[in-house]
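Right, dumping it as structure tokens:
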């Protein structure tokens, strides 16, 4: 107890020095946590936007479908699968789909397109498809017979709302798929790729068109957040067995995951520089402290204080200083990140325009992931402890007579 | 009477800029309980080195030093620190109190290092401050005490562990004559009442006059060792 008391009193010996050290740690922790929370929030937002666009966080397919995306690799809609999905904690919605390519024709024009058969209500819960309707109306019910055509595709075909589109494709098990569908709605997607090729039918219409009654190519899942993804994926894979493949968005879109990882690496570099600055700051004060107190430390050893005890005092001083800076920094970070979460940074320019085109809000929200707070706090604390080895080493090697001469 | 300090043929040579300097040469020294001894000699004669060797702060190149029968030259560094804590009290020239602690806490520190209990510490602290006549300054920081008062606290700290021997290196060098006189009175009183052994290096004639034994060192060797009748306090 007296070790802590002595360490605490020593902190007030040179208030300026202690204040400088605490401030260095405080600002480092605030910067490091805020940067981490912003990065986490921005990526979580990006992922949320992206998966809600089309893919969902997780998809379930018949095993082998992802490598060879043909109707013959489709699965039969199964209540047991749906029950397993419903039971999985963390899943907020799911939508059954049947997807395949087709030729869309109007008069002399024929274009390739992606036909997606969906349950209107369930699909809307995940991708907010209804909000993308810019003309006409969304599917009025689950068995609606019309088609929702993306704006780009409609223009390429030279069609308009109310016209009929003819679709030709290869159906399930080699059957010929042909049909004509009245265009009941026009969809607008921010992504030119999707805007030029998507055509939505209701699930029964699409199954009928592809001669694949009761067949699905995928279940698309929405989750509470990206954080539960691993747990949900593992739970479902174990419940559904090897007949099914349960894939997350990162596996389906590896290029996006790679981009996020590259960005994160850049952030780590910045954080390492920040940590180095903290280290120099703390080490400078430790050097000053050792120089100032060498005589006194020599005297304490002379009168009978064991070096191990003196090391404890010096170490306690370092830990107390850093702990105060860390805790104050963490508290301040809670306030800063809370503000940035509720009042996110809005950005402008071309990037904002691109975000808006895709239907996303141009914001950088902060997350309040407690792991970031604790991780950063522990890293700074660990750094201080490592730096505390210097005075420890000096004390252990100290000759009291020489120290008192200085 | 049994020796409290028995130094036999001790020598210590330092290297100053690669030139060997014999600080203490073949010194034999015996002190019995209750002695009040002054080490005198010109600057550089080896007084402080001899005190450091006797106090276990430094190790001799040769010879042995027995304090109450324990050969401190054979103790490990950690054993030596523990030995100093329990058997030797130090009073340094420049007071050397911990500035962030009060006078009381400076004295308590030694007892806490010894692992004494709270109630025991309290009683001992009260007694020590009574002995040095500073009961009213117990909770004062060293910076608010005069040099003489600081040195009295340093003496109290040296006595805190009830040591066999008190080693004092020029204890009055930084004090005015009144403070030096007060300090000497306290040291003599403790010496007489508790039979505590004092050995101190000094240039101060007032201290030398009141010592009962005066050992003179020149170039690291003892050139005279005189027992004498000390002058009474003025």
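Protein chains in written order, with this note's numbering: chain A, -7 to 398; chain B, 98 to 331. Yeah, the Cβ is synthetic: ideal placement off N, Cα and C, and Gly gets one too.
* Determine the contact status of residue 257/B and residue 207/B, defining contact as a CB-CB distance below 8 Å. => yes
* Would you please verify whether the beta carbon of residue 392/A is less than 8 Å from any beta carbon of chain B? => yes
* To do: Could you please give the first and the last residue of the uninterrupted beta strand (DSSP E) stretch that includes residue 297/B?
  => 294 to 298
* Flag this pair as yes or no: are the beta carbons of residue 317/A and residue 224/A separated by less than 8 Å? => no
* Can you name the residues of chain C whose CB is closer than 8 Å to the CB of residue 156/B? -> The structure shown has no chain C; the protein chains it does contain are A and B.
* Could you spell out the range, first to last residue, of the beta strand (DSSP E) harbouring residue 51/A? => 50 to 54
* Amino acids of chain A, ordered along the chain, whose beta-carbon sits closer than 8 Å to that of residue 198/B -> -2 and 1
* Any idea which residues DSSP pairs residue 318/B with across the strands? -> 315/B
* **Status (buried if at least 16 other CB within 10 Å, exposed otherwise) for residue 262/A** => exposed
* Asked: residue 358/A by DSSP, collapsed to three states: which one?
  -> coil
* Spatial neighbours of residue 2/A within its chain, please: CB distance less than 6 Å, with the 5 preceding and 5 following residues excluded, ordered by chain position. => Excluding residues within five positions, the ones whose Cβ falls inside 6 Å are 309.
* Three-state secondary structure assigned by DSSP to residue 110/B -> strand
* **Sheet register partners of residue 133/B (DSSP bridge)** => Partner(s): 295/B.
* Do three or more CB pairs link the segment 78 to 93 of chain A to the segment 109 to 121 of chain A at distances below 8 Å? -> Judged by Cβ distances under 8 Å, the segment 78 to 93 of chain A makes contact with the segment 109 to 121 of chain A, as three or more pairs qualify.
* Using a Cβ-Cβ cut-off of 8 Å (strictly less than) and excluding sequence neighbours within five positions of residue 95/A, which residues of its own chain qualify? -> 102, 103, 104, 105, 159, 160 and 161
* **Sequence-distant residues of the same chain with beta carbon closer than 6 Å to residue 344/A, five excluded per side** => 354
* residue 14/A versus chain B: which residues are under 7 Å apart at the beta carbon? -> Result: empty, since nearest Cβ-Cβ is about 17 Å, beyond 7 Å.
* To do: For residue 4/A, return the contacting residues in chain B, with the cut-off set at a CB-CB distance below 8 Å.
  => 197
* **Length at least 3, wholly inside the segment 206 to 249 of chain B: the beta strand (DSSP E) runs in chain order** => none
* **Close-in-space but distant-in-sequence residues of the same chain around residue 142/B (CB under 6 Å, 5 per side omitted)** => Excluding positions up to five away in sequence, the list reads 314 and 315.
* To do: Measure the Cβ-Cβ separation of residue 66/A and residue 204/A and say whether it is below 8 Å.
  => yes
* **Where residue 338/A sits in the DSSP three-state scheme** => strand
* CB-CB under 7 Å to residue 338/A, same chain, minus the five flanking residues each way: which ones, in chain order? -> 354 and 355
* Between which two residues does the beta strand (DSSP E) containing residue 187/B stretch? -> 185 to 188
* Asked: Of all the beta strand (DSSP E) runs that stay within the bounds of the segment 210 to 267 of chain A, which reach a length of 3 or more residues?
  -> 210 to 215 and 236 to 240
* Show which residues of chain B have a CB atom less than 7 Å away from the CB atom of residue 309/A. => Those do not exist, as residue 309/A stays about 11 Å from chain B at its closest Cβ, beyond 7 Å.
* Assign residue 0/A to one of two classes, buried (16 or more other C-beta atoms within 10 Å of its C-beta) or exposed (fewer than that). => exposed
* Measure the beta-carbon distance from residue 387/A to residue 289/A and round it to whole angstroms, keeping in mind my assumption that it falls under 8 Å. => 6 Å
* With a CB to CB cut of under 7 Å and the five nearest residues on each side skipped, what residues in its chain are close to residue 308/B? -> 133, 134, 135 and 327
* Compare the C-beta of residue 227/A with all C-beta atoms of chain B and state if any pair is closer than 8 Å. => no
* Asked: Quick one: what does DSSP say residue 159/B is sitting in, helix, strand or coil?
  -> strand
* To do: Excluding the 5 residues preceding and the 5 following residue 270/A in the sequence, name in chain order all residues of the same chain whose CB lies nearer than 7 Å to its CB.
  => 16, 17, 20, 372 and 375
* Say whether chain A places a C-beta atom closer than 8 Å to the C-beta of residue 271/B. => no
* To do: Taking all protein chains shown into account, decide if residue 4/A is buried (16 or more other Cβ within 10 angstroms of its Cβ) or exposed.
  => exposed
* **Beta-carbon proximity check, residue 178/A vs residue 127/A, cutoff 8 Å** => yes
* Rounded separation between residue 173/B and residue 155/B - CA only -> 12 Å
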